[in-house]
Amino acid sequence: MTTPESQPVYLGGPRFQSDPAELYREMRRDHGAVAPVVLDGDVPAWLVLGYRELHQVTSDPQLFSRDSDLWNQWDRIPADWPLLPMIGRKQPSILYTTGERHRERAAVISEALESVDPFELKGHAERFADELIDGLCGKGACDIVGEYAMLLPLRVLARIYGFSDEQGPGLVTAMNDMINGREGALAGQRHLGESMYALLAAKAESPGHDVASRMLANTAGFTLDEVAQDLMVMMAAGHQPTADWIGNSLRLMLTDDRFAASLAGGRHSVGEAMNEVLWEDTPTQNVAGRWTTRDTKLGGRTIARGDLVLLGLAAANGDPHVRTDAGALTGGNNAFFSFGHGEHRCPFPAQEVAEVIARTGIEVLLDRLPDVDLDGPAAELTRRPSPWLRGLTALPVTYTPTPALGATR
1 MTTPESQPVY LGGPRFQSDP AELYREMRRD HGAVAPVVLD GDVPAWLVLG YRELHQVTSD
61 PQLFSRDSDL WNQWDRIPAD WPLLPMIGRK QPSILYTTGE RHRERAAVIS EALESVDPFE
121 LKGHAERFAD ELIDGLCGKG ACDIVGEYAM LLPLRVLARI YGFSDEQGPG LVTAMNDMIN
181 GREGALAGQR HLGESMYALL AAKAESPGHD VASRMLANTA GFTLDEVAQD LMVMMAAGHQ
241 PTADWIGNSL RLMLTDDRFA ASLAGGRHSV GEAMNEVLWE DTPTQNVAGR WTTRDTKLGG
301 RTIARGDLVL LGLAAANGDP HVRTDAGALT GGNNAFFSFG HGEHRCPFPA QEVAEVIART
361 GIEVLLDRLP DVDLDGPAAE LTRRPSPWLR GLTALPVTYT PTPALGATR
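Now the structure itself:
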């Protein structure tokens, strides 16, 4: 006989689409701060639900390592396992690098991103946002997610990394194909890789004022493969979560009366909505992973050496032990785990870049389409069923058709 306390939870399925917050509450009730879960193929893992426990895991890279070679389940993982892109063998990227080498690589990325001029970044975001809205503003209706949010972040990232504006749309298509994981995924991955190596070859010949050139110029001694892998990781990590941040924030503003002032041009509420989304509806729900270097205890559980530990960022944000008042930690409080924590957290400059892109994208849309309104009942909005990233499948809206900017000049 099995009980809720002993039965692992399948990390997938429709509940991650409908109401993951309620699912996390049930898991915390039945299992405590650390829950046993199973992945596709009945592969076991642990999901950290507790805020304090997540802080413990991410603060101790010696015990909870990013070295996936430690995993004690590799002998039962088939070559076509669908989660290999998410939980794969160690790759030559910063994701799986540990120790001093990781700190050096993180410093190279941070220094390259810190050199991005914030005014130029905002200018690029405004320009691409206007370009996308020019293609939508005369229609009177559109899908904000598919026709705007999923197209904007990578256009901006490609520009500051050093790609030409002409290459941007193709990179966006390739990235979205890869993220969707369907028939175009492998072709999209190849296009991104080939484009990145071609970019680095061009920048080695003729450096510019861009992120790729600055990473190549760094004297820390990283190989071309390492630089290319890190740039591709940065693009992927910066694109989809930022697109979902835009979509989830606009959903909140269009469905919650508290943010109605933003639709008339109030800027303070835009920032509040974005911050609330990071607490309550964070794009990055769960992150893989950490692997234990020895037997240990965590949240009252015995974790064996080599076990996979998944970071439940969304669950930790809602931990009632730190959220005794469900609304008390929103507003200006930034103690959420939405960008991770510890030495493998999203670099602060990357977080700032994402925030500029997301906020600019929302503000430009509200400026250009001031009477934008949800097209249909909010209850009919659906989410992708992924347990990893949380975003809308679509956000249909209506608005008064207006001419493109070029037509008014």
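Note that full-length UniProt numbering has the sequence shown beginning at 1, numbered continuously upward. The beta carbon of each residue, even a glycine, is placed where N, CA and C say it ideally should be. No experiment lies behind these values; they were computed from the predicted model shown.
Buried versus exposed call for residue i [16 or more other C-beta atoms within 10 Å across all chains shown]
i	result
residue 400	exposed
residue 259	buried
residue 224	exposed
residue 337	Residue confidence for residue 337 is low, a pLDDT of 49 falling below 50, so the modelled location carries little weight and cannot support an answer.
residue 341	Since pLDDT at residue 341 reaches only 48, below the 50 mark, its modelled position is unreliable, and the value read off the structure follows with that caveat. Buried, because 16 or more other Cβ atoms sit within 10 Å of the Cβ of residue 341.
residue 302	exposed
residue 203	buried
residue 186	exposed
residue 74	exposed
residue 403	exposed
residue 244	buried
residue 120	exposed
residue 105	buried
residue 241	buried
residue 276	buried
residue 220	exposed
DSSP-derived helix/strand/coil call for residue i
i	result
residue 312	strand
residue 57	helix
residue 136	coil
residue 72	coil
residue 298	strand
residue 365	helix
residue 322	coil
residue 177	helix
residue 349	helix
residue 130	helix
residue 81	coil
residue 87	coil
Backbone CA spacing between residue i and residue j [nearest angstrom]
i	j	result
residue 7	residue 287	22 Å
residue 229	residue 309	24 Å
residue 20	residue 45	18 Å
residue 56	residue 320	17 Å
residue 211	residue 178	23 Å
residue 376	residue 145	15 Å
residue 36	residue 43	11 Å
residue 281	residue 388	12 Å
residue 354	residue 274	11 Å
residue 68	residue 398	47 Å
residue 405	residue 125	16 Å
residue 175	residue 194	13 Å
residue 66	residue 284	18 Å
residue 58	residue 315	15 Å
residue 40	residue 123	43 Å
residue 296	residue 118	44 Å
residue 329	residue 51	Bear in mind that the predicted position of residue 329 carries a pLDDT of just 45, short of 50, making it unreliable; the figure below should be weighed with that in mind. When rounded, the distance between both Cα atoms is 13 Å.
residue 279	residue 49	14 Å
residue 17	residue 381	10 Å
residue 312	residue 206	43 Å
residue 352	residue 152	16 Å
residue 29	residue 366	41 Å
residue 226	residue 368	41 Å
residue 208	residue 158	14 Å
residue 254	residue 371	11 Å
residue 199	residue 378	43 Å
residue 272	residue 156	23 Å
residue 269	residue 213	37 Å
residue 71	residue 293	9 Å
residue 300	residue 34	8 Å
residue 130	residue 60	44 Å
residue 289	residue 87	7 Å
residue 364	residue 47	38 Å
N- and C-terminal bounds of the alpha helix (DSSP H) containing residue i
i	result
residue 303	Unbroken run through residue 303 is the beta strand (DSSP E), 301–303; no alpha helix (DSSP H).
residue 153	152–161
residue 191	185–205
residue 31	20–31
residue 214	211–217
Beta-bridge pairing of residue i - partner residues as DSSP gives them
i	result
residue 374	397
residue 382	Paired residue(s): none; residue 382 is not in a bridge.
residue 292	64
residue 143	396
residue 122	DSSP, once it has assigned bridges, lists no residue as partnering residue 122.
residue 116	Paired residues: none, contrary to the question.
residue 389	284
residue 10	38
Boundaries (first-last residue) of the beta strand (DSSP E) holding residue i
i	result
residue 241	Not the beta strand (DSSP E): residue 241 falls in the alpha helix (DSSP H), residues 224–255.
residue 45	43–48
residue 39	34–39
Chain C within 8 Å of residue i, Cβ atoms only
i	result
residue 357	Considering every chain present, this structure includes no chain C. It has just one protein chain.
Residue i beta carbon near the ligand COA (any heavy atom closer than 7 Å)
i	result
residue 251	No copy of the ligand COA appears in this structure; indeed no ligand is present at all.
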